[in-house]
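Inspection log for the structure reproduced underneath, given as structure tokens.
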Amino acid sequence: MKPLDRHSFNLELENRVEKVITDYNLIDKGDKVAVALSGGKDSVLTLHILHKLVEEGGFDFKLLAIAIDEGIVHYREEGLEAARGQAKDLGVEYHELSFKKEIRFSLDEASQFYQTACVPCGVFRRYLLNRTACQLNVDKLATGHNLDDEVQSYLMSFARADVRRFAKFGPKQERIHPGMVPRIKPLWLVKEKEVGTWAIMNEIPVHLAECPYAHQSLRSRLKNYLNQLEEERPGTKLNLLNFFQKNLRNLDQKRIELHRCQKCGEPSSVPVCKACEIQEFLEQKLR
Numbered sequence: 001m002k003p004l005d006r007h008s009f010n011l012e013l014e015n016r017v018e019k020v021i022t023d024y025n026l027i028d029k030g031d032k033v034a035v036a037l038s039g040g041k042d043s044v045l046t047l048h049i050l051h052k053l054v055e056e057g058g059f060d061f062k063l064l065a066i067a068i069d070e071g072i073v074h075y076r077e078e079g080l081e082a083a084r085g086q087a088k089d090l091g092v093e094y095h096e097l098s099f100k101k102e103i104r105f106s107l108d109e110a111s112q113f114y115q116t117a118c119v120p121c122g123v124f125r126r127y128l129l130n131r132t133a134c135q136l137n138v139d140k141l142a143t144g145h146n147l148d149d150e151v152q153s154y155l156m157s158f159a160r161a162d163v164r165r166f167a168k169f170g171p172k173q174e175r176i177h178p179g180m181v182p183r184i185k186p187l188w189l190v191k192e193k194e195v196g197t198w199a200i201m202n203e204i205p206v207h208l209a210e211c212p213y214a215h216q217s218l219r220s221r222l223k224n225y226l227n228q229l230e231e232e233r234p235g236t237k238l239n240l241l242n243f244f245q246k247n248l249r250n251l252d253q254k255r256i257e258l259h260r261c262q263k264c265g266e267p268s269s270v271p272v273c274k275a276c277e278i279q280e281f282l283e284q285k286l287r
């Protein structure tokens, strides 16, 4: 097998991401774009490519990064160090928040009351990322979701018969409420394996350890199953993505009507948002 050439590999990867950004109009001229930066390989790659697009002058937008400290002992600090370092090296404006300070509970404290810690983690992360992005007047919130993540998310929603979540499929989510910052996924057509290869080939210091709570999730089991399928039948993941994209276009999805949470004022489809509901539950349990 011919060894990979780093320059050619990087160029092909960057061109593919740029094509997704252009084809799906992910970023408009003059946008303020925040990267949800965890310090892991996916979000760091997203930051690097977006930074390069701005530096080379092909795109005109302002770039910044937002990191969230969930509060996972012996795990999260390494990722945050990578996030801080990458933002500093690239000269990108950096903002860091924590569950403990903003929600008053760390994920370690909350996890004992849930079958999977991914429940409170996902709710609070989305809540803080969106709220912070709004406060910073951000136009687009870029996440590091790759092709593997997208296929896993669709299959999870399919397995749960959660048709409403199909609306989140795709490289771009439109603004559905004044208080909801649209999310974009520049790595939509990049496989997770390719992201790892990029980090290693370019010697980028990223956090590669898996979250200690990951094994509890349905996503983890689906990920292992899909990786096995891809190994046996190369192209399976891309075929699934193309199938979902083609068929979701014709799916009649009822738009969810959003209001303001009665407690915090953030966008919510119910009177009290999930973040406030979980926070109130934890306050009672940990009182």
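Counting from 1, one number per residue, gives the positions in the sequence shown under the UniProt record's numbering.
Each residue gets a CB set at the ideal place from its N, CA and C atoms; glycine is no exception.
Between which two residues does the alpha helix (DSSP H) carrying residue i extend?
{"i": "S111", "result": "L107 to S111"}
{"i": "D148", "result": "L147 to A159"}
{"i": "V17", "result": "R6 to D23"}
{"i": "L80", "result": "R76 to L90"}
{"i": "G196", "result": "E192 to M201"}
Could you spell out where the beta strand (DSSP E) holding residue i opens and where it closes?
{"i": "S98", "result": "E93 to S98"}
{"i": "A65", "result": "K62 to D69"}
{"i": "K285", "result": "Segment K274 to K285 is the alpha helix (DSSP H) holding K285; no beta strand (DSSP E) there."}
{"i": "L141", "result": "K140 to A142"}
Can you pull the DSSP bridge partners for residue i?
{"i": "H207", "result": "G40"}
{"i": "H259", "result": "S268"}
{"i": "A34", "result": "L64 and L141"}
{"i": "K172", "result": "I184"}
Leaving out five residues on either side along the sequence, give the residues of the same chain with a beta carbon under 7 Å from the beta carbon of residue i.
{"i": "V73", "result": "D108"}
{"i": "A214", "result": "S220"}
{"i": "M156", "result": "L218, R219 and L222"}
{"i": "I204", "result": "V44"}
{"i": "R183", "result": "L141, T143 and Q173"}
{"i": "R164", "result": "I256"}
{"i": "V92", "result": "L47, H51, L63, L64 and A65"}
{"i": "L229", "result": "T236"}
{"i": "Q279", "result": "I103"}
Determine the DSSP secondary structure at residue i, reduced to helix, strand or coil.
{"i": "P120", "result": "helix"}
{"i": "I184", "result": "strand"}
{"i": "S220", "result": "helix"}
{"i": "R125", "result": "helix"}
{"i": "Q115", "result": "coil"}
{"i": "L189", "result": "coil"}
{"i": "Y225", "result": "helix"}
{"i": "R50", "result": "The sequence shown places Leu at residue 50, not Arg. Three-state DSSP puts L50 in a helix."}
{"i": "F59", "result": "coil"}
{"i": "H215", "result": "helix"}
{"i": "L26", "result": "coil"}
{"i": "R165", "result": "helix"}
{"i": "residue 291", "result": "The question about residue 291 has no answer, for the chain in this structure spans 1 to 287."}
{"i": "R233", "result": "coil"}
{"i": "R104", "result": "coil"}
{"i": "L240", "result": "helix"}
{"i": "M1", "result": "Residue placement at M1 is flagged as unreliable, the pLDDT there being 49, under the threshold of 50; the coordinate-derived value follows with that caveat. Three-state DSSP puts M1 in coil, outside helix and strand."}
Starting from the C-beta of residue i, find all residues in its chain whose C-beta is less than 6 Å away, skip the five residues before and the five after it, and write them out in chain order.
{"i": "A87", "result": "A65 and Y94"}
{"i": "M1", "result": "Reliability of the predicted coordinates at M1 is poor, the pLDDT of 49 falling under 50, and the value obtained from them is presented with this limitation in mind. Same-chain partners within the cutoff: there are none."}
{"i": "M180", "result": "P267"}
{"i": "L50", "result": "L63"}
{"i": "L11", "result": "none"}
{"i": "S38", "result": "G79"}
{"i": "S106", "result": "G71, F99 and K100"}
{"i": "R175", "result": "P182"}
Give a single yes or no on whether residue i has its beta carbon closer than 7 Å to a heavy atom of the ligand HEM.
{"i": "L11", "result": "Summarising the ligand content, the structure contains no ligands, and the ligand HEM is consequently not present."}
Counting only the same chain and skipping the five closest in sequence on each side, list residues whose C-beta sits under 8 Å from that of residue i.
{"i": "C273", "result": "Y127, C261, K263, C264, E266 and P267"}
{"i": "H48", "result": "Q86, L90 and I204"}
{"i": "L4", "result": "T197 and M201"}
{"i": "Q152", "result": "R219, L222, K223 and L226"}
{"i": "P186", "result": "V17, V20, I21, L26, T46, I49, L50, A142 and P171"}
{"i": "N137", "result": "K32"}
ask   = Would you call the region 105 to 115 and the region 139 to 155 in contact, with 3 or more CB pairs under 8 Å?
value = no
query = Between the region 236 to 249 and the region 89 to 104, do three or more beta carbon pairs fall short of 8 Å?
reply = no
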